[in-house]
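One structure below.
In this note's numbering, the protein residues as written are 16 to 950.
Here it is in structure tokens:
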């Protein structure tokens, strides 16, 4: 039933029958655009028109390739006619017009098609005179060399379908984008072309148009729980078996809707630009017709997989079954997706028509995939089953199969440590059309499951890209090895070129590590939290594979400390020549206290052999931060260490108020970037209380994944940190006062003066409001400002309590202010009273003479004194004694007229000066006077 709708340029226009254009009343249609791959300015348009065969004589189709002024008439030589199956939609023919147009230059063009007239008797527009309005559709294209070739989407399901009263209606255009662009869908009101518009564009929405869910139909949904709905979906809803592009009418239920309805929707293409942002690159508008009939038939039910994936090179087999409530025979067809883009390798087999009892009807979709089919977005295949009642109206059910095609995993990956670096080699990649191979690395193994439909590497794996190589490269040397004790692991992922995009399945993981011929830090753990007498325990593992022939003794460790997790101001703490001495307790000193309460620390271990520095190791202490929230506290922590703390259970300890001992309350599995725990008071079912302080420390767990380093599990404590849950009580509003004074105007050549006047705000915070005590934990005040009355106030500044005064750095300017108090929990008070500056500090004085003679004095006509910070604009004009304008400018606030080209004498000026003011708009003052040019 849908096979005939495959685009005719795929099956050959010559197979169709040329037909003289004799009659038409248009039901539906759309325009599909194809660029010439060798010439982006050359486009072929396929204009699909579906007409009522009982209509009146045809008027030639008018085609507008880029604007609404240059119409091209398409007649008999441009059209091919095909009979439309009666069981799908009665009394209909498909007219396919083809036209090629060459544009003059790149740009955005809207191609339009107009046919007179629409068919008679359509229910939802025209007040019973639907055939008096023309049929109109449009498609927009973008010609832009930066986005390469772009084809408009192909619609493989025709725009005509039947619906039954009180039965759910569903349509899907089976849209397929040959370039793999993303598609979105939205409803648009159908339009028509006016031959002689009174005003504005000749294209207008159909008059008296009503959507199928218009309240005036009085329809109800299938469940009887609300009014009818009419929706098109841009994203799948798997729980309801809804696919992108599904147009659903739930349901045509009122008797008044029986008959024909026209609706329209727009399918928009989106493509990633060079910045990774999706950009709209064109659209197609489909105007379609739905025939609602009063019939007791029920639609069949299609059962199939909704989402699947396949690795390029494998064969996909997908079975479809159909049942029918009345055991009617059905026809079963497939459309869209690879049936359009890869018709030589994709097939659907169904023995139509076929019975649905005693066994369900069935079909088999087969696709022989290859590397060219890989893309980021899934292909969508629409399965449509239509029953054949006897008698009655045939109804359909639709289901969409989403197929993601992934690249095969790279193979043969091998890693080997050689001369202080790790060398990787692998097999040539199977898909030569891929763009690149990305090398991912992490510290330690992560044996993740390569799920069949998951391309690349999981975000939670901790793998990060370290190199992107051309797809033909089969080796890589990793010389960025920071820590010799670490077991480095690698995987490869193939990336396919845009716009189709796509990734491969990840390769198998391989790991390698360098010889452990140097010591590595294994512990930086806070033993005591104090601002002065903090204690940190530092340990390291001695070199296990040191070649004493290459690196003879004596040996020496030197341990340094810097302030901050990434500090560089290292100070020597400890030195020893005993290789077995691998522990140091850092207690600080009187001259260099250890403040573990407020600071993190970074340690550096240097190793010398015979006074030759062999290597160093860096690690920081774990820093815990607590963020209060409503009835909860969020703990986050970070430690910059050479070992791997990811994918381990870190332990959370909290102090017991009664025993003052820390208790283990929970543990949390962490991954890269997720060192976080939220205490919601679930431990022993004791909710956290506002106003109560809770203290914590975190024990991190990590490993080098190297059996030579002991212990294999590395435990390190953060400092202790304390906080209280936030409350939700807002502070009281402050009481605000404004003291405003004008400043001084400036003269020629002067910069803005220090004294531009002053808007000084002072406020008080009340002890109580309406007999209720105010929150005393105010930590700051926020200043808000609006330049004019009626404007919304915008945030301007923050003042830290207990200060209760603020001076506007912009000086004495018109405007209104409010202040709001902020408490320790971040709650903001209601606004204070609003205060506004109404001072008139404006000045603009002009001279009566200037001397543009090149001596450097009074060369320009500028104000003697003015306040530029209060001026919006100056429009200055000069006239001679006969009233002729000789100079005009609105460029500068201080005019800067040089009198060039004019003789000495007296001239007359008009200066229209717009000042800033408190009330809406600008205040304008006009200054008129005379000025003498002397030389």
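Don't be surprised by glycine CBs; every beta carbon is placed ideally from N, CA and C.
Based on Cα-Cα distance, which residue from the options lies nearest to residue i?
i, options, result
"residue 501", "600, 566 and 657", "657"
"residue 705", "839, 592 and 508", "839"
"residue 366", "360, 372 and 377", "377"
"residue 687", "659, 837, 88 and 170", "659"
"residue 13", "887, 920, 409 and 882", "Residue 13 lies beyond the range of the chain shown here (16 to 950); nothing can be said about it."
"residue 565", "891, 627 and 255", "627"
"residue 155", "132, 140 and 122", "122"
"residue 894", "865, 872, 924 and 911", "924"
"residue 534", "457, 596 and 544", "596"
"residue 726", "947, 167, 536 and 689", "536"
"residue 969", "498, 329, 510 and 269", "Missing from the structure shown is residue 969; the chain here goes from 16 to 950 and no further."
"residue 131", "844, 66, 92 and 187", "66"
"residue 505", "452, 531 and 103", "452"
"residue 527", "605, 560, 540 and 433", "433"
"residue 602", "569, 318, 546 and 622", "546"
"residue 198", "450, 563 and 515", "515"
"residue 550", "532, 610 and 531", "610"
"residue 80", "153, 881 and 40", "153"
"residue 296", "307, 232 and 284", "284"
"residue 104", "821, 45 and 307", "307"
"residue 411", "846, 182, 136 and 606", "182"
"residue 799", "232, 161 and 845", "845"
Less than 8 Å between the CB atoms is what I'm expecting for residue i and residue j, so what's the real figure, rounded?
i, j, result
"residue 56", "residue 117", "6 Å"
"residue 305", "residue 400", "No, residue 305 and residue 400 are not in contact; Cβ-Cβ is about 18 Å, not under 8 Å."
"residue 975", "residue 343", "What is shown of the chain runs 16 to 950, which leaves residue 975 out entirely."
"residue 683", "residue 665", "6 Å"
"residue 758", "residue 826", "6 Å"
"residue 494", "residue 436", "4 Å"
"residue 360", "residue 383", "4 Å"
"residue 731", "residue 459", "Not a contact, Cβ separation roughly 16 Å."
Give the secondary structure of residue i by DSSP, where H, G and I count as helix, E and B as strand, and everything else as coil.
i, result
"residue 281", "strand"
"residue 543", "strand"
"residue 560", "coil"
"residue 16", "Because residue 16 sits at a pLDDT of 40, beneath the cut-off of 50, its placement in the model cannot be relied upon, and the following sentence gives the value as read from the coordinates. Coil."
"residue 883", "helix"
"residue 757", "strand"
"residue 485", "strand"
"residue 422", "strand"
"residue 939", "strand"
"residue 920", "strand"
"residue 253", "helix"
"residue 142", "helix"
"residue 734", "coil"
"residue 699", "helix"
"residue 328", "coil"
"residue 710", "strand"
"residue 972", "No answer is possible for residue 972: the residues shown for the chain start at 16 and end at 950."
"residue 3", "With the chain running from 16 to 950 in the structure shown, residue 3 is simply not present."
Verify the CB distance criterion: does residue i have a CB-CB separation below 8 Å to chain D?
i, result
"residue 854", "No chain D appears in this structure, which consists of one protein chain only."
Next item on the list: Starting from the N-terminal side, write out each stretch of the beta strand (DSSP E) that is 3 residues or longer and does not extend beyond the region 831 to 877.
Entry: 850 to 852
Note to self: Pairs of beta-carbons, one from the region 210 to 217 and one from the region 287 to 305, closer than 8 Å: are there three or more?
What the structure shows: no
Margin query: Quick test of the definition: if touching needs 3 or more C-beta pairs under 8 Å, does the region 517 to 524 touch the region 423 to 439?
Written below: yes
Check: Taking one C-beta from the region 621 to 638 and one from the region 574 to 591 each time, how about it: are there three or more such pairs within less than 8 Å?
Finding: yes
Check: Can you list the beta strand (DSSP E) stretches of 3 or more residues lying completely in the region 148 to 231, in chain order?
Finding: 150 to 158, 175 to 179, 184 to 186, 197 to 203, 206 to 208 and 218 to 220
Check: Taking the runs of the beta strand (DSSP E) that are 3 residues or longer, which of them lie wholly in the region 427 to 482?
Finding: 429 to 433, 436 to 440 and 451 to 458
Notebook entry, point to check: Is the region 350 to 370 in contact with the region 162 to 178, if contact means three or more CB pairs nearer than 8 Å?
Noted result: yes
Notebook entry, point to check: Does the region 200 to 209 come close enough to the region 217 to 224 that 3 or more CB-CB pairs lie under 8 Å?
Noted result: yes
Item checked: the region 738 to 750 / the region 836 to 851 touching (three or more Cβ pairs under 8 Å) -> yes
Item checked: Stretch-stretch touch, CB-based, cutoff 8 Å, three pairs: the region 694 to 710 with the region 640 to 649 -> yes
Margin query: Pairs of beta-carbons, one from the region 138 to 148 and one from the region 82 to 89, closer than 8 Å: are there three or more?
Written below: no
Item checked: Whole beta strand (DSSP E) elements within the region 36 to 95, 3-residue minimum -> 38 to 51, 54 to 72, 76 to 79 and 87 to 89
Notebook entry, point to check: Which ranges would you report for the beta strand (DSSP E) in the region 652 to 678 if only whole runs of at least 3 residues count?
Noted result: 663 to 670
Next item on the list: Examine the Cβ distances between the region 660 to 679 and the region 706 to 713 and report whether three or more of them are shorter than 8 Å.
Entry: yes
Check: Quick one: any contact between the region 185 to 193 and the region 388 to 398, if contact means 3 or more CB pairs under 8 Å?
Finding: yes
Note to self: Would the region 271 to 285 count as touching the region 407 to 422 if we require 3 or more Cβ pairs under 8 Å?
What the structure shows: no
Note to self: Suppose only complete runs of 3+ residues qualify. What are the beta strand (DSSP E) ranges in the region 305 to 356, listed by chain order?
What the structure shows: 316 to 318, 322 to 326, 330 to 338 and 344 to 350
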